[in-house]
Each structure stands twice: as C-alpha cells, then as structure tokens.
C-alpha cells in the first residue's frame with residue numbers, strides 16, 4: 001500500500017497520525033487503560049504528572065478519534081468509566097515500533 | 001523483545017520516542033530530506049508553514065539525536081547543508097506504521 005502513495009499523501013497521513021497521538025500524554029493514557037476499565041481518578045494516578053484539566057481534554061480527543069469509550073452508570077452517585085475501544089488496538093503495530101525504536105535509541109545515544 | 005519488557009519499561013521507551021519525534025515538524029523535516037542533501041532555505045520551503053526560528057531549533061534537536069548531519073563547505077560564502085544519517089533510516093518501520101495508520105484512520109472516521 002505505501003509504495004503507491006505520493007510523498008504528499010504520506011506526509012498528509014503522517015500528519016493525521018501525529019495529530020491524533022500528539023503530545024506526551026495520549027499514548028500513555030491509552031497504555032494505562034490496557035488493563036481494563038478505569039475511572040478518572042485511577043487514570044490520573046497512573047499517568048504521572050497529568051492535571052485534571054489536561055486529562056479531561058485528552059480523554060475527549062481520544063473519544064472523538066474512537067480510541068476510547070466513556071460509560072456512564074446510572075448509580076448514585078453517577079459512575080463514569082473509560083475503556084479502550086476494539087479499534088484502539090489498530091494502534092498496536094505502530095506503538096510496538098515506537099517502543100522498539102525507543103529502546104534501541106537509548107543504546108545508540110550512549111555510544112561514544 | 002517487547003514481551004520481556006515491563007509496562008514501565010514500555011512507557012519509558014515510548015516516552016523516549018515521543019520526545020525525539022514530538023511536535024508536528026520533526027518527522028516532516030526528515031521526510032523532506034529523503035531526497036538528499038538540503039540547504040536551510042530549501043528545507044524551509046518544503047516544510048510548509050515552518051518559521052526560521054523553529055526550523056533551526058528542530059534541526060539542532062534532530063542533530064543531537066543523530067538523525068541528521070550538518071555539513072559546512074568552506075566556500076565563499078560558507079555553504080551549510082543538511083542530510084539524513086544512515087541511522088535515521090531506523091525510523092522507517094515506525095514511520096511506515098504511522099502512515100499506514102493515518103490512512104486507515106481517515107476511513108474509520110468517515111464511517112457513520
């Protein structure tokens with residue numbers, strides 16, 4: 001598939017992906033939801049350093065991009081939980097490559 | 001390799017990669033250098049919308065991460081050119097996955 005794309009198309013699709021995963025939080029939020037359904041506070045604790053305002057903004061953007069689902073249980077008080085969508089697993093090949101590259105990049109930079 | 005990593009290690013390596021490619025410009029700069037050696041002004045023209053200040057900052061960071069090389073020809077006036085390092089091609093599997101994901105994400109979002 002990639003061979004048929006022009007450089008402009010490649011750049012456009014790359015920009016799309018960068019836009020969706022941009023910033024230092026989104027992929028970390030997704031990874032910390034890997035274990036299953038999470039509440040807001042649980043997410044906030046597992047993603048070190050993220051503020052309430054930023055977490056709610058990132059969750060909204062992840063939801064718009066169909067990567068997470070928000071569930072509201074009509075309990076008292078209301079219970080709001082978040083979970084990965086099946087679609088979010090389409091990110092796995094890319095995230096695995098990013099992890100693999102990050103691991104070897106540390107070694108590369110420590111070379112003289 | 002990935003299976004042996006803990007979730008913390010995965011997050012650490014992912015953060016490393018995100019740090020190196022972060023922002024909307026770095027990968028676009030690298031892609032526009034794919035054709036060969038470039039001068040600063042050529043790069044600035046081919047990466048739409050980037051300012052001189054931002055381009056020089058991004059080039060420095062790419063150089064520190066061993067992804068590009070800066071060559072200075074002792075001509076009059078001095079000629080400064082930039083080119084990809086062989087090491088930068090280690091990004092290809094990841095960038096290909098990002099392009100592939102971006103292409104299918106457009107289709108996914110256009111579904112009802």
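Chains as they are written, first to last, in the UniProt record's numbering: chain A, 1 to 112; chain B, 1 to 112. Glycine included, C-beta positions come from ideal geometry on N, C-alpha and C.
Check	Outcome
What three-state label does DSSP hand residue 57 (chain A) in the structure shown?	helix
Leaving out five residues on either side along the sequence, give the residues of the same chain with a beta carbon under 6 Å from the beta carbon of residue 73 (chain B).	79
Step through the CB atoms of chain B and report whether any lies within less than 7 Å of the CB of residue 102 (chain A).	yes
At the 7 Å Cβ level, is residue 84 (chain B) part of the contact set with chain A, yes or no?	no
At a CB-CB cut-off below 8 Å, which residues of chain B make contact with residue 66 (chain A)?	108, 109
With three or more beta-carbon pairs closer than 8 Å as the criterion, would you say the region 9-28 of chain B touches the region 23-30 of chain A?	yes
Please identify the residue among B:17, B:43, B:99 whose C-alpha is closest to the C-alpha of residue 4 (chain A).	B:99
Please state the DSSP three-state secondary structure of residue 87 (chain A).	helix
Anything in chain A within Cβ reach of residue 93 (chain B), meaning under 7 Å, just list it in chain order.	97
When you compare each of A:95, A:66, A:6, A:10 to residue 112 (chain B) by their alpha carbons, which one comes out closest?	A:66
Going by CA-CA distance only, name the one from B:91, B:31, B:7, B:83 that's closest to residue 39 (chain B).	B:83
Of the residues that make up the region 11-24 of chain A, which ones have a beta carbon closer than 9 Å to any beta carbon in chain B?	11, 12, 13, 14, 15, 16, 17, 18, 19, 20, 21, 22, 23, 24
Going by other Cβ atoms of all chains shown within 10 Å of its Cβ, with 16 needed for buried, is residue 36 (chain A) buried or exposed?	exposed
How many angstroms separate the CA atom of residue 91 (chain A) from the CA atom of residue 48 (chain B)?	27 Å
So for residue 10 (chain B), helix, strand or coil by DSSP?	helix
Would you kindly report the start and end of the unbroken alpha helix (DSSP H) that includes residue 29 (chain A)?	26-32
Determine the DSSP secondary structure at residue 71 (chain B), reduced to helix, strand or coil.	strand
To which residues does DSSP link residue 21 (chain B) through a beta bridge?	Beta-bridge pairing links residue 21 (chain B) to no other residue.
Hey, how far is the Cα of residue 102 (chain A) from the Cα of residue 16 (chain B)?	5 Å
What is the rounded straight-line gap between the Cα of residue 1 (chain A) and the Cα of residue 10 (chain B)?	29 Å
Does DSSP classify residue 5 (chain A) as helix, strand or coil?	coil
Within the continuous alpha helix (DSSP H) that includes residue 92 (chain B), where are the two ends?	92-110
So which of B:108, B:43, B:94 has the shortest CA-CA distance to residue 70 (chain B)?	B:43
Would you decide whether residue 64 (chain A) is buried or exposed? Buried here means 16 or more other CB atoms lie within 10 Å of its CB.	exposed
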